[in-house]
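Be aware that the sequence shown starts at 349, since it is given in my numbering, and climbs by one per residue.
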Amino acid sequence: MIRLAEILDTHWDEYVHEGGRYIPPHVFKAANQIMACRTPILGTDVYRCPNCDTTKFVYHSCKNRFCPRCGQYETDHWAATILSQLPSIKHHHVVFTLPEQLRPLAKANPELLQTLLFHTSAAVIKEWFAEKHHTIPGIISVLQTAGSDLHYHPHIHMLVSAGGLKANQWFELASAYLVNHKYLQKKFRWLFLNQLVAAYDHGRLQLPGELAVMQERREFMRLVKKLHSVAWVVAVQPPLADPENIVRYVGRYTRRACLSEYRITDFSDGVITFECKDYTTAEAGKPGLKTVCLHYGEFFDRLFQHVPLPGFRMVRYYGLYAHFKDLPPLPAEEPRAMPEKLSWRELQIDKTGEDPLVCPACRCELVFWRTEFSAIPFLFPGSRLPELAYADTS
Ligand SMILES: [Zn+2]
Ligand SMILES: [Zn+2]
Numbered sequence: 349m350i351r352l353a354e355i356l357d358t359h360w361d362e363y364v365h366e367g368g369r370y371i372p373p374h375v376f377k378a379a380n381q382i383m384a385c386r387t388p389i390l391g392t393d394v395y396r397c398p399n400c401d402t403t404k405f406v407y408h409s410c411k412n413r414f415c416p417r418c419g420q421y422e423t424d425h426w427a428a429t430i431l432s433q434l435p436s437i438k439h440h441h442v443v444f445t446l447p448e449q450l451r452p453l454a455k456a457n458p459e460l461l462q463t464l465l466f467h468t469s470a471a472v473i474k475e476w477f478a479e480k481h482h483t484i485p486g487i488i489s490v491l492q493t494a495g496s497d498l499h500y501h502p503h504i505h506m507l508v509s510a511g512g513l514k515a516n517q518w519f520e521l522a523s524a525y526l527v528n529h530k531y532l533q534k535k536f537r538w539l540f541l542n543q544l545v546a547a548y549d550h551g552r553l554q555l556p557g558e559l560a561v562m563q564e565r566r567e568f569m570r571l572v573k574k575l576h577s578v579a580w581v582v583a584v585q586p587p588l589a590d591p592e593n594i595v596r597y598v599g600r601y602t603r604r605a606c607l608s609e610y611r612i613t614d615f616s617d618g619v620i621t622f623e624c625k626d627y628t629t630a631e632a633g634k635p636g637l638k639t640v641c642l643h644y645g646e647f648f649d650r651l652f653q654h655v656p657l658p659g660f661r662m663v664r665y666y667g668l669y670a671h672f673k674d675l676p677p678l679p680a681e682e683p684r685a686m687p688e689k690l691s692w693r694e695l696q697i698d699k700t701g702e703d704p705l706v707c708p709a710c711r712c713e714l715v716f717w718r719t720e721f722s723a724i725p726f727l728f729p730g731s732r733l734p735e736l737a738y739a740d741t742s
């Protein structure tokens, strides 16, 4: 497998020094942490066998939200926790997408527009449930900013309960049909654009570069008018009795990079090749696959625009799911225990069937000796030290 850390080790310095680019601090931090992840830079725990003096080194991991290697367990644990709490009623998967014409403005104002996207999409669903079903739905929204080709393509995946609470009892909607989706599109568009204009009028929008012409309100309103005339994409899927697949699907990038390393198929001469979905060759609604080849400059530009903003919550809970602990308990016939968080050692045993803290020579239990920090990689950037297969501390 080609590691993102390897690509960064080879080209990050050049990329940074090429100039002409503004690289925000949180992107620097993510790149540096991914390069340092599971190397002695972040520290090494040294274990020793009390019997035969065998020594074992365990490198620390970085736990950056964008590290392709660190988030897998966190992501699985999040999904398992959610699944242990959801009531056993059907759920819809709904996707809200910002229209293409809005993307430059969203890119220049990610925090504001992504927050608006969260709030307005949840508001239209809640309003619909209030008007039509006189109830409150449970909503889990997950923001993804990347399309599979890594272009900026902000959209929300939403899990919506196909029902609600009546007299503190869960009930399911009679029909599998959730909502007229034309209505949903129009309402979403109307609400979003209203709030966008309000933000503009309060001077809260940044208008750099080509957007500067919109300093003039007439120009900005020209864009708003155009946005009112295009269809905003909202996709509503039929309800599913078992939400496991949706929860795992929508949560897959909440705690790791939006590019899984196994999708990278080649890396040579400064060019990175990776697989992505091809909607032009869709069969039975399922997109085909194509490969994209990018020079490292373009590759880093595309990939690192998706590093989450510091403190920005990519998963939000609305309606009944805003407070899981206040929900009525699940029926006694289906008790589901909240998954426990595994320690690093338990996780390794779970993954490999091997206890990482047993001496490979004499099967004695290893004893923690000390944590070491090494300066060597700083002196020789780009020279990766050999990785340890079991290095994955938590
Ligand atoms: Zn990491
Ligand atoms: Zn031993």
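For every residue, glycine included, the Cβ atom is placed at its ideal position computed from N, Cα and C.
Just so it is clear, the structure is predicted and the values come from calculations on it, not from any experiment.
Look at the Cβ atom of residue 662, then the Cβ atom of residue 432, and state whether they are nearer than 7 Å.
-> Their beta carbons are not under 7 Å apart, which means residue 662 does not touch residue 432 by this criterion.
Which full runs of the beta strand (DSSP E) of 3+ residues lie inside the segment 569–611, going along the chain?
-> Listed in chain order, the complete beta strand (DSSP E) runs (minimum 3 residues) inside the segment 569–611 are 582–584.
Chain D beta carbons: is any one of them nearer than 7 Å to that of residue 412?
-> Looking at the structure shown, chain D is missing, and only one protein chain is on hand.
With a cut-off of 8 Å, do at least 3 Cβ pairs link the segment 698–717 to the segment 381–391?
-> Per the Cβ contact rule, the segment 698–717 is not in contact with the segment 381–391 (fewer than 3 Cβ pairs under 8 Å).
Can residue 410 be considered in contact with ligand 1, in the sense that its beta carbon sits closer than 6 Å to one or more heavy atoms?
-> Within the chosen limit of 6 Å, ligand 1 reaches the beta carbon of residue 410 through at least one heavy atom.
Whole beta strand (DSSP E) runs in the segment 530–560 with 3 or more residues, listed along the chain?
-> Whole beta strand (DSSP E) segments, 3+ residues: zero.
Going along the chain, which residues put their C-beta within less than 6 Å of some heavy atom in ligand 2?
-> Listed along the chain, these residues meet the criterion: 397, 399, 400, 402, 707, 709, 710 and 712.
Say whether the segment 410–425 touches the segment 600–613, bearing in mind that this needs 3 or more beta-carbon pairs closer than 8 Å, one atom from each stretch.
-> Yes: at least three Cβ pairs fall under 8 Å.
Hey, would you say the C-beta of residue 417 is under 6 Å away from at least one heavy atom of ligand 1?
-> Because some heavy atom of ligand 1 lies under 6 Å away, the Cβ of residue 417 counts as near it: yes.
Pull up the distance between the alpha-carbon of residue 503 and that of residue 575, whole angstroms please.
-> Answer to the nearest angstrom: the Cα atoms are 16 Å apart.
Keeping to the same chain, check which residues put their C-beta closer than 6 Å to that of residue 729; ignore five residues upstream and five downstream.
-> Because residue 729 carries a pLDDT of 45, less than 50, the predicted location of this residue cannot be relied on, and the following value inherits that uncertainty. Excluding five sequence positions before and after residue 729, none of the CB atoms of its chain fall closer than 6 Å to its own CB.
Minimum length 3: unbroken beta strand (DSSP E) runs contained in the segment 427–503 | As summarised for the segment 427–503, the continuous beta strand (DSSP E) elements at least 3 residues long and confined to that stretch are 439–445 and 486–494, given in chain order.
Could you check where the beta strand (DSSP E) with residue 519 kicks off and where it finishes?
-> Per DSSP, the unbroken beta strand (DSSP E) holding residue 519 starts and ends at 517–520.
Would the C-beta of residue 641 count as close to ligand 1, meaning under 6 Å from any of its heavy atoms?
-> Outside the cutoff, so no.
So, are the CB atoms of residue 396 and residue 715 less than 7 Å apart?
-> For residue 396 and residue 715, yes; Cβs fall inside 7 Å.
Ligand 1 heavy atom lying under 6 Å from the CB of residue 751 | Only positions 349 to 742 of the chain appear in the structure, and residue 751 is not among them; the question remains open.
Starting from residue 384, trace the alpha helix (DSSP H) both ways and give me its first and last residue.
-> Unbroken alpha helix (DSSP H) run through residue 384: 373–384.
Looking at the unbroken beta strand (DSSP E) that takes in residue 395, where does it start and where does it end?
-> Note, residue 395: beta strand (DSSP E), 392–396.
When every heavy atom of ligand 4 is checked, does at least one fall within less than 6 Å of the C-beta of residue 385?
-> Ligands in the displayed structure: ligand 1 and ligand 2; ligand 4 is not one of them.
Taking the continuous beta strand (DSSP E) assigned at residue 665, which residues delimit it?
-> Per DSSP, residue 665 belongs to the beta strand (DSSP E) from 663–667.
Touch check for the segment 505–520 and the segment 546–559: three-plus C-beta pairs under 8 Å?
-> In this structure the segment 505–520 does not touch the segment 546–559; the number of beta carbon pairs closer than 8 Å is below three.
Which value, in whole angstroms, describes the spacing of the CA atoms of residue 436 and residue 455?
-> For residue 436 and residue 455, the gap between their C-alpha atoms comes out near 38 Å.
With a 10 Å radius around its C-beta and 16 neighbouring C-beta atoms as the bar for buried, classify residue 710 as buried or exposed.
-> Result: exposed.
What do you get for residue 426, buried or exposed, if any count of 16 or more other CB atoms within 10 angstroms of its CB means buried?
-> Counting every other CB atom within 10 Å of its CB across the protein chains shown gives residue 426 a total of 16 or more, marking it as buried.
Extent of the continuous alpha helix (DSSP H) to which residue 364 belongs | Here the alpha helix (DSSP H) through residue 364 covers 352–365.
Would you call residue 740 buried or exposed, if buried means 16 or more other Cβ atoms sit within 10 Å of its Cβ?
-> With a pLDDT of 42 at residue 740, under the threshold of 50, the modelled position of that residue is not reliable, and no figure is offered here.
Can you tell me the Cα-Cα spacing of residue 648 and residue 672, whole angstroms?
-> Spanning the two alpha carbons is a distance of roughly 38 Å.
Rounded to a whole number of angstroms, what is the C-alpha to C-alpha distance between residue 727 and residue 688?
-> Annotation note: pLDDT 43 at residue 727 (below 50); position unreliable, no value reported.
To the nearest angstrom, how far is it from the Cα of residue 736 to the Cα of residue 510?
-> At residue 736, the pLDDT of 46 sits below 50, so the modelled position is not reliable and the matter cannot be decided from this model.
Taking the Cβ atom as the reference point for each residue, do residue 316 and residue 636 lie within a distance shorter than 7 Å?
-> This structure cannot settle anything about residue 316, because the visible part of the chain is limited to 349 through 742.
Return the bridge partner residues of residue 404 from the DSSP annotation.
-> Partner(s): 395.
Alpha carbon to alpha carbon, how far is residue 599 from residue 359?
-> Rounded to the nearest whole angstrom, the CA to CA distance from residue 599 to residue 359 is 30 Å.
List in chain order: all unbroken alpha helix (DSSP H) runs of 4+ residues lying wholly within the segment 634–722.
-> Fully enclosed alpha helix (DSSP H) runs of 4 or longer: 644–652 and 692–700.
Taking residue 484 and residue 668 to be in contact with their CB atoms under 8 Å, please state how far apart those CB atoms are, rounded to whole angstroms.
-> Right, the Cβ-Cβ distance comes to about 5 Å (below 8 Å), so this counts as a contact.
What are the residues that DSSP puts in a beta bridge with residue 621?
-> Bridge partners of residue 621: 614 and 641.
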